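The listed protein sequences derive, respectively, from chains S and P.
Heads up, the first sequence is in full-length UniProt numbering, so the first residue is 1 and it goes up one at a time.
Heads up, the second sequence is in full-length UniProt numbering, so the first residue is 1 and it goes up one at a time.
For each residue, glycine too, the CB sits at the ideal point set by N, CA and C.
Just so we're clear, the structure is a prediction, and the values are computed from it rather than from any experiment.
Since the structure comes first, as structure tokens, the remarks are kept for the end.
There are 2 protein chains.
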Amino acid sequence: MTTATPASAATATAEGAGRATGPSAEELDGTDPLARFRDRFLPADGVVAYLDGNSLGRPLRQTGADFADVVAGEWGTRLIRSWDERWLDLPLGLGDRIAASTLGAAPGQTVVADSTTVLLYKMMRAAVAARPGRTRILMDDDNFPTDRFIAEGIARECGLELQWIPVDKAAGITIDLIDEALTAASGEAFGDRVALVVLSHVSYRSGHLADVAAITARVHDAGALVLWDLCHSAGSAPIELDAWNVDIAVGCTYKYLNGGPGSPAFAYVASALQNELDQPIQGWMGASDIFAMAEGYVPAKGMRRFISGTPPILGMLPMQGMLELIEEAGMPAIRQKSIALTEYTIRIVDDLLTPFGVQVASPRDSGERGSHVTIRHPRFKAVTAELWKRGIIPDFRNPDGLRLGLSPLSTSFGEVLVAVEAIRDILADTESAAEAGPGR
Amino acid sequence: MTTATPASAATATAEGAGRATGPSAEELDGTDPLARFRDRFLPADGVVAYLDGNSLGRPLRQTGADFADVVAGEWGTRLIRSWDERWLDLPLGLGDRIAASTLGAAPGQTVVADSTTVLLYKMMRAAVAARPGRTRILMDDDNFPTDRFIAEGIARECGLELQWIPVDKAAGITIDLIDEALTAASGEAFGDRVALVVLSHVSYRSGHLADVAAITARVHDAGALVLWDLCHSAGSAPIELDAWNVDIAVGCTYKYLNGGPGSPAFAYVASALQNELDQPIQGWMGASDIFAMAEGYVPAKGMRRFISGTPPILGMLPMQGMLELIEEAGMPAIRQKSIALTEYTIRIVDDLLTPFGVQVASPRDSGERGSHVTIRHPRFKAVTAELWKRGIIPDFRNPDGLRLGLSPLSTSFGEVLVAVEAIRDILADTESAAEAGPGR
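Given below as structure tokens:
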């Protein structure tokens, strides 16, 4: 690894802080058509730059009052009557709303329930059972841990084989890798052994954006089902589940949908497939007649069958406010801002941080990139701790990745500049300290 | 069925409204040592009597403000840092608090996570796998639907047999029924085929309170594990999981723990058993090193292994306020009030409603009764609808049960009187109407 001296880094900084090769943060914020949305989020005292909306989105100014209203009204006054009046329909109604605003999906295919992990389990189990005789689950080896762990468990319990697709950790899954995996190295086709392919739309590590339409078509050619994890794309990248012919998708609502810590996840199942899929956690809320208290479980028709227990109503509240903003801004404008933020981030990282040996570990082509940029440096664990002390909040991912999450409606270009400058300063300080030290 | 004429019913009412045979509602409320707690709950505009705390407990006055504080502070200001500062420990910390105040369980054995249904699934799957070679799950045939449905699914997927124990719907599970089930009718022992017994502490239908200690001991004699569903007892009936030698328990927090609609459930696993049990939904939050993002899933030691996905933090908030009240009042006093409420309810039902043919479908011995009283009448579906219109809120359970849920800290004796008098009036009105009608 080549590491610049502090002196050369300081020179690079003085030369322009990214301003030489494009508009400044101030100019970009000044002309940002979505800038007005930033004021809708609750100010965070002492936070100078929040760059972790890809992990936990910020609350809106209205969220606290929204809770107080629901506690006093729907819960406190309507009490149990709210189940009939509103809550029983909420998992599917809210699902439809997410579908319309962010997933490119017609109504009746999306439900809000459980955690992402539990929904992944239910959906993977349902999918492999719908392809009897096929013995393999395909997954990339850098998928998010919970996706991998769930698949490992299911492979073991269902007697299936889990086949890993090796991917470049600074990139992600591509149609070529899928094609290769679905075709035997020997040239012998074994696609007909694959029941299910599980992939992430945006890689949690690199931010790589997969070509869902092409990959889905290739998987369908092999007769398998595909499950897309939308955790890192829903609300920040364009999604067209219906047009892309996706079978199943699961996503998280506490990242770019700002649902709050541990808010419930969503699942999409294409209409044509719903009644073919039986999920294993057959609870009373997924039964065809909930209050029949009947003797045997008969799954509801359609998406309701994917609900298990009593829906987490309060956890569904904050995302409703965020969906209003998304509906108002529209996904095309949100995607434009996202691209502008990641382009700017990469530009100033190149300018200010490459002299210290920092590497960009996200795709440089915006068409292959979601809404976060990952950069690498061996000292980033310590750097992240120092940034947090200064009120600058990205996150760190083992072994050396610092993720700059850019939430299109709440993140400013100015925050990115402050963060990247602080990283530069900390790297410079620690390099100076190392040089001045007793030569460890 | 014998049904009194409206005239005789009116006479019974005039004769005493229950006051002849014991203290009045007014006197009971006046001397209730827990009466002061009622003012800690949010008043419900237009609600005359809320008797459904066994389905959805009421919010506290403080709950709305508590949410606003957490939104502004832990979420909005500390942001992602709150995971390190507080949230990652909350599922186990809050579990310990529930354990200490309501479950009679030492720390390190209780976790808050998922819905009741999902936790039942995880725990039943883990339990049957821990008794390999045993092929049977035993369960009473009037257990709550979600418990039955989950067990049905698990029996099917694991190739087990589900053996139903027939119970009296107006009573519940007893040591005799368990003993009979665990002993072959022919006298031949087949207890060693039973892997798991799943029972409810308090029956959702009749309110019957099971003898957990005796039944658990009998199940252990047969070498099986027992899972107790505490949904209808936690927070209202005395529970001593450690002393009773219980293996596994799952319970709900939105009934007597007032956690709000769909708040997350809790699970208890006895210390000695924890590392023997592997639950099937192996998510990142249950892995031994959460942020290692390691290659293979290794379950954490102890209770953390029963967590799957990201914990639902906001859903854990309201119950924390309620636990303060429970800690302040203490379970012995709560149980005393619960018994007083159910005794009073049965007394005035006998006085005011038996003339109309209403039957008490709950145990008459308070030692065998939880905190709700179920009464039966063929017209109760329509009666419940009319009660709701009048702001009197019990719930209805097919085919003819009206449940009067008595939440010890929030329900007054006056509310019970108002509700029972209203039921009497509605039954009298509809009988008069039927008599005056064209004789259908």
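Would you kindly work out how many angstroms separate the C-alpha atoms of Asp350(P) and Ala129(P), rounded to a whole number? Each residue's alpha carbon lies about 48 Å from the other.
At 4 residues or longer, what runs of the alpha helix (DSSP H) sit wholly inside the region 25–58 of chain S? Within the region 25–58 of chain S, the complete alpha helix (DSSP H) runs of at least 4 residues are 25–31.
Determine, for Leu199(P), whether the minimum Cβ-Cβ distance to residues of chain S falls below 7 Å. When Cβ-Cβ separations below 7 Å define contact, Leu199(P) makes no contact with chain S.
Are at least three pairs of beta-carbons, each pair with one atom in the region 248–258 of chain S and one in the region 66–81 of chain S, less than 8 Å apart? The region 248–258 of chain S vs the region 66–81 of chain S: no contact.
Run down chain P in chain order and give the residues with a C-beta less than 8 Å from the C-beta of Ala49(S). Here the premise fails: no neighbours, minimum Cβ distance about 11 Å.
Between which two residues does the beta strand (DSSP E) containing Trp164(P) stretch? First-last of the beta strand (DSSP E) with Trp164(P): 161–165.
Evaluate contact between the region 262–281 of chain S and the region 339–350 of chain S, counting only Cβ atoms and requiring at least three cross-stretch pairs below 8 Å. By the Cβ criterion, the region 262–281 of chain S is not in contact with the region 339–350 of chain S, since fewer than three pairs of Cβ atoms, one from each stretch, lie closer than 8 Å.
Examine the Cβ distances between the region 96–108 of chain P and the region 230–242 of chain P and report whether three or more of them are shorter than 8 Å. Counting Cβ pairs under 8 Å, three or more are found: they touch.
Among Pro166(S), Arg305(S), Val112(S), Leu427(S), nearest to Gln320(S) - alpha-carbon criterion: The candidate whose alpha carbon is nearest that of Gln320(S) is Val112(S).
Let me see if you follow: with CB-CB separation under 7 Å, is Asp142(S) close to chain P or not? By this cut-off, Asp142(S) is not an interface position.
Counting only beta-carbon atoms, is Val71(P) nearer than 7 Å to chain S? At least one CB of chain S lies nearer than 7 Å to the CB of Val71(P).
Go ahead and label Ala14(S) buried or exposed: buried means 16 or more other beta carbons lie within 10 angstroms of its beta carbon, across all protein chains shown. Because the pLDDT of Ala14(S) is 40, which lies under 50, any placement of that residue in the model is unreliable, and the question is left without a value.
Skipping 5 residues on each side, what residues in its chain have a beta carbon closer than 8 Å to that of Gly401(S)? For Gly401(S), where only same-chain residues beyond five positions count, the Cβ hits under 8 Å are Arg205, Ala361, Thr374, Ile375, Arg376, Phe380.
Chain P contacts made by the region 48–68 of chain S, where a contact means CB separation under 8 Å: With the criterion set as a beta carbon lying under 8 Å from some beta carbon of chain P, the members of the region 48–68 of chain S are Tyr50, Asp52, Ser55, Leu56, Arg58, Pro59, Thr63, Gly64, Ala65, Phe67, Ala68, in sequence order.
Proximal residues of chain S, C-beta to C-beta of Trp87(P) below 9 Å: Against chain S, the beta carbon of Trp87(P) has neighbours under 9 Å at Pro261, Gly262, listed in chain order.
Confirm, please, whether the CB-CB distance from Leu34(P) to Ala329(P) is below 7 Å. Using a Cβ distance threshold of 7 Å, Ala329(P) and Leu34(P) count as a contacting pair.
So, with DSSP's three-state summary, where would you put Ile339(S)? Correct three-state label for Ile339(S): helix.
Skipping 5 residues on each side, what residues in its chain have a beta carbon closer than 8 Å to that of Trp87(P)? Result list for Trp87(P): Glu74, Pro311, Ile313, in chain order.
Spatial neighbours of Ala155(P) within its chain, please: C-beta separation below 7 Å, excluding the five flanking residues on both sides. Leaving aside the five residues that flank Ala155(P) on each side, the residues in its chain whose CB is nearer than 7 Å to its CB run, in chain order, Ile137, Glu161, Leu162.
So, using beta-carbon positions, are Leu352(P) and Arg424(P) closer together than 7 Å? Cβ distance < 7 Å, so Leu352(P) and Arg424(P) count as in contact.
Residues of chain A with a CB under 9 Å from the CB of Leu42(S): which are they? In summary, chain A is missing from the structure at hand, where the protein chains are S and P.
Runs of beta strand (DSSP E) wholly within the region 188–252 of chain S (minimum 3 residues, chain order): 194–200, 225–229, 248–251, all fully within the region 188–252 of chain S.
Chain P partners of Ala287(S), CB-CB under 9 Å? Here the neighbours are Pro145, Thr146, Phe149.
Which partner residues of Phe396(P) appear in the DSSP bridge assignment? Phe396(P) is bridged to Leu402(P).
In its own chain, which residues sit with a C-beta less than 6 Å from the C-beta of Met322(S), not counting the 5 before and 5 after it? Here the set comprises Leu257, Asn258.
Residues in its own chain within less than 8 Å of Ala181(S) by CB, not counting five upstream and five downstream? Residues Leu138, Gln163, Ile165 of the same chain have their beta carbon placed closer than 8 Å to that of Ala181(S), with the five preceding and five following residues left out of the count.
Taking Cβ to Cβ, would you say Val250(P) is nearer than 7 Å to Leu120(P)? Yes.
Note down the Cα distance separating Ala4(S) from Phe356(S), rounded to an integer number of angstroms. Here Ala4(S) scores only 38 on pLDDT, less than 50, and its place in the model should not be relied on; the value that follows carries that caveat. Annotation: Ala4(S) to Phe356(S) spans about 5 Å, alpha carbon to alpha carbon.
Measure the Cβ-Cβ separation of His232(P) and Val198(P) and say whether it is below 7 Å. Result no, Cβ atoms of His232(P) and Val198(P) do not sit closer than 7 Å.
Grouping DSSP H, G and I as helix and E and B as strand, with all else coil, what is Ile375(P)? It is a strand residue.
Could you tell me which of Ala68(P), Asp45(P), Phe41(P) sits nearest to Ile392(P), measuring between CA atoms? Ile392(P) has its Cα closest to that of Asp45(P), out of Ala68(P), Asp45(P), Phe41(P).
Is Ser371(S) near Ser288(S), with beta carbons less than 7 Å apart? Taking 7 Å as the Cβ cut-off, Ser371(S) and Ser288(S) do not qualify as a contacting pair.
Of the residues Asn398(S), Asp52(S), Asp429(S), Gly108(S), which one's Cα is nearest the Cα of Val388(S)? Position check: residue 388(S) holds Trp in this sequence, whereas Val was assumed. Cα-wise, what sits closest to Trp388(S) is Asp52(S).
Just to confirm, is the Cβ distance from residue 441(S) to Ile175(S) under 7 Å? Because residue 441(S) is not part of the residues shown, which for chain S are 1 to 440, the question remains open.
Leu314(S) at chain P interface by Cβ criterion, 7 Å: Between Leu314(S) and chain P, the shortest Cβ-Cβ separation is below 7 Å.
Starting from Tyr121(S), find everything on chain P with Cβ-Cβ shorter than 7 Å and list it in chain order. Taking a Cβ-Cβ threshold of 7 Å, the residues of chain P close to Tyr121(S) are Ile281, in chain order.
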